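Protein chains: 2
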Amino acid sequence: MPKSLPTIELSGALCCPPVAAGVVSDDDALEVALRLKALADPVRIKLLSLVLAAGPQGTRNIDLARELQLTDATVSHHLGQLSRAGLLLATRQGASTFYAADRLALGALVTVLDPNCC
Amino acid sequence: MPKSLPTIELSGALCCPPVAAGVVSDDDALEVALRLKALADPVRIKLLSLVLAAGPQGTRNIDLARELQLTDATVSHHLGQLSRAGLLLATRQGASTFYAADRLALGALVTVLDPNCC
DNA sequence: TCCATACCTCGACATACGTCTAGCTAATGG
DNA sequence: CCATTAGCTAGACGTATGTCGAGGTATGGA
């Protein structure tokens, strides 16, 4: 990674032609790759499944940290990665922040990668 | 990544319950994450789309290198990552190696991530 | 007001990773 | 047999990343 990857806005919905539909542009490849990067970590996969299991109400940092046996700082880092990639929705409620999965965003990412999509 | 991720066999087909179906085990999270890691790079996304576009016959290292403006060594590295993750099928033919996309493997990965799968 | 709780941010550390050059092996063609 | 071509491997380089401890900020309750 000699040329450092640019930091781009990912919170919007991913919308680009499926990877199997033809050769993707550099920009689209970057968008897809950055979102995948956000997901390409075992802790974040578990995190996502925990958040999905919690339903639309979401889960708090501290509960996830307890479940994953990690510090709240580390969990905050991972939640930030997923949120910046547009995969989580965060809602403050008093002193707590509840994180819920953005199923539409995850679905969009999956669709772009689906080899049987077209 | 202080605890280095273990190196595990990924060439077989991914087979684990969807992430949305419940909390995934540590082992399953690792399997999914490692395969996603193999895909989470803009060059490899373009690579995959080029290989998919080439059809079942596949493409050669050198042609991909020319298309991507990278050295053959770098392309070889990326092809290795994707192959080890089970996403590419390599077949030698004389002095050349043809790489084709393993659509089933990619489909399996996509299915595991699909939030609407269950 | 004061303390506890939940969360975030910052800095540091070790490790992983993308890219290149150089050099090797193996197949092809004269 | 030699030259060329395709591909891989090894090593080096700079950068990115996961984790933690420490400390800050805001909310809520006694």
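Top line first, the protein sequences correspond to chains A and B.
This note's numbering puts the last residue of the first sequence at 133; the count rises by one with no breaks.
This note's numbering puts the last residue of the second sequence at 133; the count rises by one with no breaks.
Note that beta-carbon positions come from the ideal geometry of N, C-alpha and C, so glycine has one too.
This one's a predicted model, so the numbers in the text were calculated from it and none came from an experiment.
- Under a criterion of Cβ atoms nearer than 7 Å, no residue of chain B is adjacent to ASP87(A); the nearest Cβ is some 17 Å distant.
- The three-state secondary structure of GLN108(B), taken from DSSP, is strand.
- Runs of the alpha helix (DSSP H) lying entirely within the region 59 to 100 of chain A and spanning at least 4 residues, in chain order: 76 to 83, 87 to 99.
- Annotation for GLU24(B): no alpha helix (DSSP H) segment contains it, and DSSP assigns it neither H nor E.
- At a beta-carbon threshold of 8 Å, the residues of chain B lying near ASN131(A) are ARG118, GLY122, ordered along the chain.
- Around the Cβ of ARG81(A), a 10 Å sphere holds fewer than 16 other Cβ atoms; the residue is exposed.
- Residue-level contact check: VAL34(B) touches chain A, since one or more beta carbons of chain A fall below 8 Å from its beta carbon.
- At a cut-off of 8 Å between beta-carbon atoms, VAL90(A) makes no contact with chain B.
- Among the residues facing chain A, ALA105(B) is not included, as its CB has no counterpart in that chain under 8 Å away.
- Residue contact check for LEU97(A) against chain B: no CB pair falls below 8 Å.
- For the 8 Å CB-CB criterion, LEU63(B) and VAL34(A) form a contact.
- Taking each of LEU45(A), VAL66(A), PRO71(A), ALA55(A) in turn and checking the Cα distance to PRO57(B), the smallest one comes out for LEU45(A).
- In this chain, ALA35(B) is not harboured by any alpha helix (DSSP H), its DSSP state being neither H nor E.
- Residue contact with chain B for GLY37(A): present (Cβ-Cβ distance below 8 Å to some residue of chain B).
- Neighbourhood of ILE60(B) in chain A, by CB distance below 7 Å: VAL34, VAL39, ALA44, VAL47, ALA48, in chain order.
- Boundaries of the alpha helix (DSSP H) around LYS52(B): 41 to 54.
- Approximately 11 Å separates the beta-carbon atoms of ALA115(B) and LEU97(B); this is outside 8 Å, ruling out the contact.
- Chain A places a beta carbon closer than 8 Å to that of PRO57(B), counting this residue as a contact.
- A distance below 8 Å between beta-carbons, with the five flanking residues on each side excluded, links THR126(B) to the following residues of its chain, in chain order: PRO33, CYS132.
- Taking every protein chain shown into account, the CB of LYS52(A) has 16 or more other CB atoms within 10 angstroms, so this residue is buried.
- LEU65(B) is not a Cβ neighbour of ASN76(B), given a cutoff of 8 Å.
- Within the same chain, LEU65, VAL66, PHE113, TYR114 come within 7 Å of THR74(B) by CB-CB distance, once the 5 residues on both sides are set aside.
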